[in-house]
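Participant: First to last, the protein sequences are chains A and B. According to the working numbering, the first sequence is numbered sequentially starting from 1. According to the working numbering, the second sequence is numbered sequentially starting from 1001. Don't be surprised by glycine CBs; every beta carbon is placed ideally from N, CA and C. All of these numbers come straight from a predicted model, not from anything done at the bench.
There are 2 protein chains.
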Amino acid sequence: MPNPTAAMLVIGDEILSGRTRDANMHHLAQAFTKHGIDLKEVRVISDDADAIVGAINALRAAYDMVVTSGGIGPTHDDITADCVARAFGVPIDVRDDARALLQAHYDRQGSEFNQARQRMARIPDGAVLIDNPVSIAPGFSMENVHVMAGVPTVFQAMVASLLPSLTGGAPILSQSLRIERGEGEIASPLGDLAARYPELSFGSYPFQHNGVYGANIVIRGTDGAQIDHAMAELSQLFPA
Amino acid sequence: MPNPTAAMLVIGDEILSGRTRDANMHHLAQAFTKHGIDLKEVRVISDDADAIVGAINALRAAYDMVVTSGGIGPTHDDITADCVARAFGVPIDVRDDARALLQAHYDRQGSEFNQARQRMARIPDGAVLIDNPVSIAPGFSMENVHVMAGVPTVFQAMVASLLPSLTGGAPILSQSLRIERGEGEIASPLGDLAARYPELSFGSYPFQHNGVYGANIVIRGTDGAQIDHAMAELSQLFPA
């Protein structure tokens, strides 16, 4: 059975403007690869309601699951939860379970649970909360769409909360070989080898560093023994 | 006149598997912001021909221009040029101008210009070459789609080659203020301020670091005087 497929939607002007370098994509990619979920696509879009609604609906139809990051805080530019409700055509309002979590948190802190903070308790009807042990304000899952915060420490905590509930497949294994020759020299025998292992994927990632150039060849798949075989053949083709 | 819009398409299994952290998105975002081009969307997809063709056609219709990165080397997994030709419905073959560049390069190196390397001279009919001073194999522009290499040093060189030929708009300026208070405390006055400057964008980016928390407020726009005004008001609202 093939592994479940996933897409990620990163919501954030700060990445598209070059102010911030995204970190959540890389974290999710590694977590999903270990868990046996194939991350097939990532989209980064701006804080624009129509763009967010459109992307959620396109991705949830095309993949088994979608993870979003960003836009669920208390400020005016945090519009993700409302966009998810619109995408699913369900109402959204402050929900008692989320409000109770946040009320208790701000009571402990001695801070006011004001109207802006109550925005973080707005949850679309029918969604299931995702635990946030870092800063309490929850994420949520609406059917196959999992909505998480953009702050990396919070995003990572939410991924850890969610992951055990997601059905994964076989972990995707990989081995790599560094070859200090130009890609143009190895391309032909590499292509022939890849053609003989149709269930594995062979990637060639060229590098140039301090005058040394070559390529890292990465063989990926779910059958460890087959990867071992292919890697042995690869090493014979290109001895160090 | 609004700035031209752009999308980026990153082609690479290595990013979706978590093996590599993308660097080209961040570089292009910064270069475009300075040049007055609004990067509105980035998609990362795998080395899959149907996915690449579909994304190119969706993005080139939706935005003024598209930049792709990755998949134009000599190995079997380098399929971007063929996908661009398919997306535009034009033939593709080894082209004389690209072949001459590469032939001269490998002659100088004393390397064989073999069949795999000739793949890098495959250019869709009607495309214009993009200069690659780092490793010679050219990128190309097909109408509003600009096709570049994935290796960061080469990608950056191609962006530098291309940028002077792209019509930009007003550079997008920004100023930011670090406020060491919870977003929930600043959200309401910040939202009111943002509503009074509809031509500017106000972003709130929370941080938590060594027990200190707060938010960086970024004000963006093309009118520097207006940003100055808004920033002065913001500083008065939240004195250090």
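S201 of chain A lies in the beta strand (DSSP E); which residues open and close that run?
Facilitator: As a position in the first sequence, residue 201 of chain A is number 201, starting the count at 1. That run of the beta strand (DSSP E) goes 201-209.
Participant: Within a Cβ cutoff of 6 Å, which residues of the same chain sit near G1168 of chain B, ignoring the five residues on either side of it in sequence?
Facilitator: Mapped onto the second sequence, residue 1168 of chain B falls at position 168. H1035, G1036, I1037, listed in sequence order.
Participant: Since I1227 of chain B and L1173 of chain B should fall inside the 8 Å C-beta cutoff, what is the C-beta to C-beta distance between them, to a whole number of angstroms?
Facilitator: Counted from its first residue, the second sequence places residue 1227 of chain B at position 227. Counted from its first residue, the second sequence places residue 1173 of chain B at position 173. Confirmed, about 6 Å.
Participant: Taking the alpha carbon of A116 of chain A as the point to measure from, which residue in B:G1191, B:N1003, B:A1232, B:T1033 has its own alpha carbon closest?
Facilitator: On the first sequence, residue 116 of chain A is found 116 positions in, with the first residue counted as 1. Taking only the C-alpha atoms, the option nearest A116 of chain A is B:G1191.
Participant: DSSP state of P189 of chain A, grouped into three classes?
Facilitator: Here residue 189 of chain A refers to the residue found at position 189 of the first sequence. Note: P189 of chain A maps to helix in three-state DSSP.
Participant: Under 7 Å Cβ-Cβ, which residues of chain C neighbour E41 of chain A?
Facilitator: Absence of chain C from the displayed structure is noted, the protein chains being A and B.
Participant: Of the residues that make up the segment 1136-1165 of chain B, which ones have a beta carbon closer than 7 Å to any beta carbon in chain A?
Facilitator: Answer in chain order: V1151, T1153.
Participant: Return the first residue and the last residue of the beta strand (DSSP E) that P1124 of chain B is part of.
Facilitator: As a working note, residue 1124 of chain B is residue 124 in the second sequence. From DSSP, the beta strand (DSSP E) with P1124 of chain B extends over 1122-1124.
Participant: Rounding to the nearest angstrom, what Cα-Cα distance links A1195 of chain B and I52 of chain A in this structure?
Facilitator: On the second sequence, position 195 is the one that residue 1195 of chain B refers to. On the first sequence, position 52 is the one that residue 52 of chain A refers to. Looking at the two C-alpha atoms, the distance is approximately 21 Å.
Participant: Taking all protein chains shown into account, do 16 or more other C-beta atoms lie within 10 angstroms of the C-beta of D96 of chain A, making it buried, or fewer, making it exposed?
Facilitator: In the first sequence, the residue the question calls residue 96 of chain A occupies position 96. Burial call: exposed.
Participant: Compare the C-beta of T1075 of chain B with all C-beta atoms of chain A and state if any pair is closer than 7 Å.
Facilitator: Here the question's residue 1075 of chain B lines up with position 75 in the second sequence. Interface residue, yes.
Participant: From what residue to what residue does the beta strand (DSSP E) around L1177 of chain B run?
Facilitator: Here residue 1177 of chain B refers to the residue found at position 177 of the second sequence. Note, L1177 of chain B: beta strand (DSSP E), 1173-1179.
Participant: For A1031 of chain B, which of helix, strand or coil comes out of DSSP?
Facilitator: Position 31 of the second sequence, counted from the start, is the residue given in the question as residue 1031 of chain B. Helix, per DSSP.
Participant: What's the gap between the Cα of L1177 of chain B and the Cα of F1202 of chain B?
Facilitator: Here residue 1177 of chain B refers to the residue found at position 177 of the second sequence. Here residue 1202 of chain B refers to the residue found at position 202 of the second sequence. If you take the alpha carbons of L1177 of chain B and F1202 of chain B, they lie about 11 Å apart.
Participant: Got a sec: is the Cβ-Cβ distance from D1013 of chain B to anything in chain A below 7 Å?
Facilitator: One-based indexing of the second sequence puts residue 1013 of chain B at position 13. With 7 Å as the cut-off, D1013 of chain B counts as an interface residue toward chain A.
Participant: Taking CB distances under 7 Å as the criterion, tell me whether G1018 of chain B reaches chain A.
Facilitator: Here residue 1018 of chain B refers to the residue found at position 18 of the second sequence. Interface residue, yes.
Participant: Just to confirm, are T290 of chain A and S1235 of chain B a CB contact at a threshold of 7 Å?
Facilitator: No statement about residue 290 of chain A is possible, as the shown extent of chain A runs from 1 to 240 and does not include it.
Participant: Kindly indicate the opening and closing residues of the alpha helix (DSSP H) around A1100 of chain B.
Facilitator: One-based indexing of the second sequence puts residue 1100 of chain B at position 100. 1096-1109 is the span of the alpha helix (DSSP H), which, as asked, contains A1100 of chain B.
Participant: Within the 7 Å Cβ cut-off, does P1002 of chain B reach chain A?
Facilitator: Along the second sequence, read from residue 1 onward, the residue named residue 1002 of chain B stands at position 2. Not an interface residue.
Participant: Out of curiosity, what's the CA-to-CA distance linking P239 of chain A and A160 of chain A?
Facilitator: Here residue 239 of chain A corresponds to residue number 239 of the first sequence, with the count starting at 1. Here residue 160 of chain A corresponds to residue number 160 of the first sequence, with the count starting at 1. Cα to Cα, P239 of chain A sits roughly 41 Å from A160 of chain A.
Participant: Counting only beta-carbon separations shorter than 7 Å, does A1029 of chain B have a partner in chain A?
Facilitator: What you label residue 1029 of chain B is simply residue 29 of the second sequence in a count that begins at 1. Yes, contact with chain A.
Participant: Buried or exposed for V1090 of chain B, please, with buried defined as at least 16 other CB atoms from any protein chain shown within 10 angstroms of its CB.
Facilitator: Within the second sequence, numbered from 1, the residue matching residue 1090 of chain B stands at position 90. By the neighbour-count rule (16 or more Cβ atoms within 10 Å), V1090 of chain B is not buried but exposed.
Participant: Y1205 of chain B to A1215 of chain B, Cα distance in whole Å?
Facilitator: Taking the first residue of the second sequence as 1, we reach residue 1205 of chain B at position 205. Taking the first residue of the second sequence as 1, we reach residue 1215 of chain B at position 215. Those two C-alpha atoms are separated by around 5 Å.
Participant: I'd like the list of long-range same chain contacts for R99 of chain A, defined as Cβ closer than 6 Å, with 5 residues on each side in sequence excluded.
Facilitator: Working through the first sequence from its first residue, we reach residue 99 of chain A at position 99. The answer, listed in chain order, is A121.
Participant: Give a yes or no on whether the minimum CB-CB distance between R21 of chain A and chain B is below 7 Å.
Facilitator: Against the first sequence, residue 21 of chain A aligns to sequence position 21. Judged by the 7 Å Cβ criterion, R21 of chain A is in contact with chain B.
Participant: Kindly list the residues whose CB is nearer than 6 Å to the CB of Y1197 of chain B, restricted to its own chain and excluding five residues on each side of it in sequence; keep chain order.
Facilitator: Counting from 1 along the second sequence, the entry for residue 1197 of chain B is found at position 197. So the list reads A1230, once near-sequence residues are dropped.
Participant: I'd like to know if H26 of chain A contacts chain B, where contact means its C-beta is closer than 7 Å to some C-beta of that chain.
Facilitator: Looking up residue 26 of chain A in the first sequence gives position 26. At least one chain B Cβ lies under 7 Å of H26 of chain A.
Participant: Quick check on Y1205 of chain B - is its C-beta less than 7 Å from some C-beta in chain A?
Facilitator: Here residue 1205 of chain B is taken as the residue at index 205 of the second sequence, counted from 1. Judged by the 7 Å Cβ criterion, Y1205 of chain B is in contact with chain A.
Participant: Figure out for me which residue from A:E41, A:I15, A:G71 has the closest Cα to the Cα of A1023 of chain B.
Facilitator: Here residue 1023 of chain B corresponds to residue number 23 of the second sequence, with the count starting at 1. Comparing Cα-Cα distances from A1023 of chain B to each of A:E41, A:I15, A:G71, the minimum goes to A:I15.
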